[in-house]
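Reviewing the structure listed below.
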Amino acid sequence: MMPMSMLFMRPRNAEEEAMPRRLSSVFFSAIEDVRGDARRARIGSHRGEPDLPSSRQAMTKLLPHLLLVTALGLCAAGCAAEKPTLRLHHAELRSASLRGIGLDVYLTVDNPNSFDIEIRNVRVTVAFAEKYTLPPIDYSPNQWLAAGQSTVVRVPVAIPFTLVPGVVDEARRSPTLKYTVKGSADVTAIRALGVEKDNHPIDETGTLVRDDLLAAAGVSF
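Here the sequence shown is numbered in UniProt numbering, starting from 1 and rising by one per residue.
Below you can see the structure in the form of structure tokens.
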């Protein structure tokens, strides 16, 4: 099963091209401020002048500037980051319940970036044999995915009993039953800044083993 690329890296715009120069300007401006404070502190200490900033106070003043530079740098990285890809891993049938036949759909999410991303929401529709469509699923896993790794995300689904007869009849005709998963997912990049990207498309196809489906439905073949 081939992975589906959701989005490709886009060209950097003028704002992103200017970001490195802006970061350098902010950083070196902060350094000059701290040097000036430290210089005045040394001169003042020799003269006995009170209430002049110490070196520790100067470094404390530098900290917000460094945090700003770091945040802007992360944001710039997020804007030009590689987009995660989603692909169908597999599906597992569970026993029947009051809602219908339980089905867990597992999606593999590849995160090629150097920072973590979060899968916030998954909105999909599952169809069997391209004609038995389940009610839309809106699920919020809120699962963080480690940088540079692949993570499997579970999406619980139920086959309503009203659709079970048609799905079972379709399954009797072939050793496997084809199903499709279509929809979208919302992701958040960078925990500290919460850079959000919504509506990443999902369009995947898989198969279920007939005997497993019939066993879950309590039907003998």
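Every residue gets a Cβ at the ideal spot worked out from N, C-alpha and C, and that includes glycine.
Keep in mind that this is a model prediction, so the values were computed, not measured.
Neighbourhood of Val105 by C-beta, 7 Å cutoff - its chain only, sequence neighbours within 5 removed: For the purposes of this step, residue 105 is identified with residue 105 of the sequence shown, where counting begins at 1. Ala91, Val126, Val155, Val157 and Val181.
Ends of the alpha helix (DSSP H) at Arg99? Taking the sequence shown and counting its residues from 1, the one referred to as residue 99 is at position 99. Per DSSP, Arg99 belongs to no alpha helix (DSSP H) and is neither H nor E.
Under 8 Å, do Asn199 and Ala147 count as touching if we go by C-beta distance? Here residue 199 refers to the residue found at position 199 when the sequence shown is read from its first residue. Here residue 147 refers to the residue found at position 147 when the sequence shown is read from its first residue. No, these two residues do not count as a Cβ contact at 8 Å.
Helix, strand or coil at Leu208 according to DSSP, with G and I counted as helix: Position 208 of the sequence shown, counting from 1, holds the residue named residue 208. The answer is strand: DSSP assigns Leu208 an E or B state.
Sorry if obvious, but does the Cβ on Trp144 come closer than 7 Å to a heavy atom of the ligand COA? Absence of the ligand COA is noted for the structure shown, with no ligands found whatsoever.
Residue span of the alpha helix (DSSP H) that contains Asp138, given as start and end: The residue you call residue 138 lines up with position 138 of the sequence shown. Here Asp138 belongs to no alpha helix (DSSP H); instead the beta strand (DSSP E) covers Ile137 to Tyr139.
Restricting to Cα atoms, I'd like to know which of Leu93, Asp138 and Ser150 is closest to Leu177. Taking the sequence shown and counting its residues from 1, the one referred to as residue 177 is at position 177. Among Leu93, Asp138 and Ser150, the Cα nearest to that of Leu177 is on Leu93.
Applying the criterion that 16 or more other CB atoms from any shown protein chain within 10 Å of the CB defines a buried residue, is Phe161 buried or exposed? Reading the sequence shown from its first residue, position 161 is the one you call residue 161. Result: exposed.
Quick one: Cα of Leu145 to Cα of Leu88, how far? Indexing the sequence shown from 1 puts residue 145 at position 145. Indexing the sequence shown from 1 puts residue 88 at position 88. Cα to Cα, the separation comes out at about 16 Å.
Quick check on Asp212 - is its C-beta less than 8 Å from some C-beta in chain D? Reference to chain D is not applicable here, since this structure consists of a single protein chain.
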